[in-house]
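Position 37 of the sequence shown, counting from 1, maps to 37 under UniProt numbering, and the rest follow consecutively. All C-beta atoms in this analysis are idealised placements derived from N, C-alpha and C, irrespective of residue type, glycine included. See structure below.
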Amino acid sequence: MKNLLMEVENEVAVVTINRPKSLNALNSETLAELNETFKEIEKRKDIRVVILTGSGAKSFVAGADISEMVNASAAEGRQMGMLAFEAFKRLEDMPQVTIAAVNGFALGGGCEISMACDIRVAADNAKFGQPEVGLGILPGFGGTQRLPRLVGKGRAKELIFTTDMIDAEEAYRIGLANKVVPNAELMDFCKKMAAKIMSKGSYGITLAKQAINVGLDTDLASGLQLEANLFGLSFATNDKKEGMTAFLEKREAKLTDF
Ligand code: DAK
Numbered sequence: 001m002k003n004l005l006m007e008v009e010n011e012v013a014v015v016t017i018n019r020p021k022s023l024n025a026l027n028s029e030t031l032a033e034l035n036e037t038f039k040e041i042e043k044r045k046d047i048r049v050v051i052l053t054g055s056g057a058k059s060f061v062a063g064a065d066i067s068e069m070v071n072a073s074a075a076e077g078r079q080m081g082m083l084a085f086e087a088f089k090r091l092e093d094m095p096q097v098t099i100a101a102v103n104g105f106a107l108g109g110g111c112e113i114s115m116a117c118d119i120r121v122a123a124d125n126a127k128f129g130q131p132e133v134g135l136g137i138l139p140g141f142g143g144t145q146r147l148p149r150l151v152g153k154g155r156a157k158e159l160i161f162t163t164d165m166i167d168a169e170e171a172y173r174i175g176l177a178n179k180v181v182p183n184a185e186l187m188d189f190c191k192k193m194a195a196k197i198m199s200k201g202s203y204g205i206t207l208a209k210q211a212i213n214v215g216l217d218t219d220l221a222s223g224l225q226l227e228a229n230l231f232g233l234s235f236a237t238n239d240k241k242e243g244m245t246a247f248l249e250k251r252e253a254k255l256t257d258f
């Protein structure tokens, strides 16, 4: 891959968007590479958590690549949008847990790709924002949909209409960032969080992720029905037998399903 790096260690994949000269801006080639990488990861049983980050100390992702978009036709713009839609949806729905390690600017498409992850950990130098309307467009990689679901309609509208950049503490305060940590400790913190998540089993987490993602896009009764069905499915797993038996035997459970 030309614009991405991937390292897998202890069942954790660290995917790094690697275009530091343009602050890791997303061009079509990078979007296609992300899509291919997520397609591979979703099939791999040896990866249980994905950490997505940007190369360098200054930026996570500074948005879609403006130099590529400036002369793009409507048809090319749509093609780019569809590519991002596919890649981000795949990221959002993959069976693995996904953590965005936000190491600096997360603007436009950068904020949007972080929101397609399950959890956002912000370095203390992180800055979030949706500057698109200032460029004569609107957030098009999911910002108008995922941001209000995370922070509420009023705050999402304020961020999108004013294009204000907010720091990590403010992102934490409004629920956009799950945690804020010193920049130097960001990756270590994310890996520890990954290890903690993995120690709690995988299949139950994958089912819970599905119940949350699908449930939030439907009405409450359908979401509760889905939850009941997935709950029933969890009873068919070895992890359920082992988890409950271990509790009764007062020992640590060894959960292995994925
Ligand atoms: N695209 C291309 N290059 C970028 C870039 C970007 N988004 N952001 C930064 N760069 C480049 C700069 O041009 C500069 O390149 P050189 O001049 O060195 O060649 C280099 O990265 C370093 O940037 P700066 O010199 O500007 O660094 P500063 O520290 O002064 O400022 C900054 C950092 C992040 C505040 C600033 O670079 C900035 O404002 N960048 C643009 C941020 C932005 O507006 N991002 C949103 C992009 S719009 C679509 C759906 C969605 C989208 C697109 C299409 N469809 C459905 C089709 C999404 C759109 C967006 O994300």
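Asked: Alpha-carbon spacing of Glu169 relative to Ala236, whole angstroms; Found: 42 Å
Asked: The alpha helix (DSSP H) enclosing Ala156, as first and last residue numbers; Found: 153-162
Asked: Residues of its chain near Ser59, where Cβ-Cβ distance is below 7 Å and the 5 sequence neighbours each way are ignored; Found: Leu23, Asn24, Gly104, Phe105
Asked: Three-state class that DSSP yields for Lys240 in the structure shown; Found: helix
Asked: Classification of Ser222 by the beta-carbon crowding that lies within 10 angstroms, buried from 16 upward; Found: exposed
Asked: Inter-residue Cα distance where the pair is Glu68 and Lys157; Found: 27 Å
Asked: In chain order, each alpha helix (DSSP H) run of at least 4 residues that lies wholly inside the region 28-67; Found: 28-43
Asked: The region 93-112 touching the region 62-80, judged by at least three CB pairs closer than 8 Å; Found: yes
Asked: Close Cβ partners of Pro95 (< 6 Å) along its chain, the five nearest in sequence each way excluded; Found: Thr206
Asked: Integer Cβ distance of Leu186 from Ala116, believed to fall under 8 Å; Found: At roughly 19 Å, the Cβ-Cβ gap does not stay under 8 Å, so Leu186 and Ala116 are not in contact.
Asked: Helix, strand or coil at Asp167 according to DSSP, with G and I counted as helix; Found: strand
Asked: DSSP three-state assignment for Arg19, whether helix, strand or coil; Found: coil
Asked: CB-CB length for Ala122 against Tyr203, believed under 8 Å; Found: Between Tyr203 and Ala122 the Cβ distance is about 29 Å, and since that is not below 8 Å, they are no contact.
Asked: Cβ pair Glu11, Arg48 closer than 8 Å; Found: yes
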